[in-house]
Amino acid sequence: MSLLGRIFGYPVSQGSTTGAGSHDGRASPFSGEERHSLSEMAQIHGRITERLKEPDSLTGSSCDGLVEDLREISEILLWGEQNDHQELFDYFCEKEMLGNFVKVISMPSIAVAVKIQLLQTMSLLTQNLRTRTSLIYVFSNDHINNLISVPCDWSADEELLSYYVTFVKGLALRLDPEMLTLFFHSDQFVLYTVPIRLYNSADAMVRTSVRTLTLAIYQVADRSCMDFLV
Numbered sequence: 001m002s003l004l005g006r007i008f009g010y011p012v013s014q015g016s017t018t019g020a021g022s023h024d025g026r027a028s029p030f031s032g033e034e035r036h037s038l039s040e041m042a043q044i045h046g047r048i049t050e051r052l053k054e055p056d057s058l059t060g061s062s063c064d065g066l067v068e069d070l071r072e073i074s075e076i077l078l079w080g081e082q083n084d085h086q087e088l089f090d091y092f093c094e095k096e097m098l099g100n101f102v103k104v105i106s107m108p109s110i111a112v113a114v115k116i117q118l119l120q121t122m123s124l125l126t127q128n129l130r131t132r133t134s135l136i137y138v139f140s141n142d143h144i145n146n147l148i149s150v151p152c153d154w155s156a157d158e159e160l161l162s163y164y165v166t167f168v169k170g171l172a173l174r175l176d177p178e179m180l181t182l183f184f185h186s187d188q189f190v191l192y193t194v195p196i197r198l199y200n201s202a203d204a205m206v207r208t209s210v211r212t213l214t215l216a217i218y219q220v221a222d223r224s225c226m227d228f229l230v
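Okay, here's the thing in structure tokens:
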């Protein structure tokens with residue numbers, strides 16, 4: 001089973017007959033390449049843009065379409081990397097979708113379901129992208145730092161908190177000395193200072209995740225970073 005098969009629960013390959021575009025399980029006449037095309041990516045981007053024009057309306061079942069579009073974004077990007085379709089990630093960058101994700105999750109009126117899906121989408125990308133230039137793009141421009149430090153009470157919803165700590169832990173586990181410089185600045189290191197506030201959480205899973213994050217950071221920290229941490 002392919003990478004996407006393990007993530008989404010079905011085999012994805014060129015010529016696959018089930019998956020996106022066939023959400024009810026019926027056979028699809030489209031191959032993986034046709035379903036995960038640049039035109040499909042553009043359509044999803046267009047739908048997301050239209051839906052976000054009225055963010056106050058994205059509550060309850062009315063946000064289901066946006067949740068599905070966000071899920072499909074990660075599926076298409078990972079399929080594109082796996083099958084050497086760099087144009088899909090290039091489009092993602094060109095349209096500044098990552099920056100828009102941060103804007104969405106910071107909207108107080110957006111449904112929790114949308115925020116959860118955004119965290120899932122970002123976790124899938126940060127944990128599964130293998131092309132280093134793509135990963136560096138995702139980690140750069142402070143988009144991830146801004147997402148981590150969004151003024152949001154993650155603890156207000158148990159499921160949302162779970163996805164948040166999974167996201168930040170996954171980031172820490174992907175760090176190496178070079179990647180660390182994209183998160184750590186001389187007077188700011190939100191990947192550490194924000195999650196550490198949850199160190200004494202009543203949830204054992206959250207405490208364990210924060211400790212794993214802390215250890216991962218200490219393993220790659222250089223001298224200036226260690227001076228900041230201690």
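Here UniProt numbering is used: position 28 in the sequence shown is 28, and no number is missing along the way. For glycine and all other residues, C-beta sits at the position ideal for the given N, C-alpha and C.
6 angstroms CB neighbourhood of residue i in its chain, flanking five on each side removed
i	result
residue 247	What is shown of the chain runs 1 to 230, which leaves residue 247 out entirely.
C225	F184
R51	L66
P195	V168, V210, L213
I217	A172, Y192
L180	V220
L175	V220
G170	S123, T126, Q127
Which of helix, strand or coil DSSP assigns to residue i
i	result
H45	helix
H143	helix
L198	helix
E40	helix
L58	coil
residue 231	Nothing in the structure corresponds to residue 231, since the chain is present only between 1 and 230.
C93	helix
S133	Note that residue 133 is Thr in the sequence shown, not Ser. Here T133 sits in helix by DSSP.
S155	helix
Residue i burial status per 10 Å Cβ neighbour count (16 or more: buried)
i	result
P108	exposed
I105	buried
S57	exposed
G80	buried
Q43	exposed
S61	exposed
Y199	exposed
R35	buried
I129	The question names Ile, but residue 129 in the sequence shown is Leu. L129 is buried by the Cβ-count criterion.
T49	exposed
S186	exposed
I136	exposed
V206	buried
V114	buried
T131	exposed
S134	buried
Unbroken alpha helix (DSSP H) run spanning residue i, endpoints
i	result
P177	177-180
C225	223-229
F184	That residue, F184, is in no alpha helix (DSSP H); it is neither H nor E in DSSP.
S209	204-220
Q127	112-128
G170	158-173
M97	97-105
L191	190-193
Sequence-distant residues of its chain with Cβ nearer than 7 angstroms to residue i (five each side left out)
i	result
P29	In this prediction, P29 has a pLDDT of 40, which is less than 50 and means its spatial position is unreliable; nothing more can be read from the coordinates.
I116	E159, L160, Y163
I110	P55, L58, V104
D157	V112
Residues near residue i in its chain [Cβ-Cβ closer than 8 angstroms; skip 5 each side]
i	result
V190	N145, I148, S149, F183
K95	H45
D222	P177, L180
T121	L70, R71, I73, S74, F101
ask   = Along the chain, which unbroken stretches of the alpha helix (DSSP H) at least 4 residues long are found entirely within the stretch 64-91?
value = 64-82
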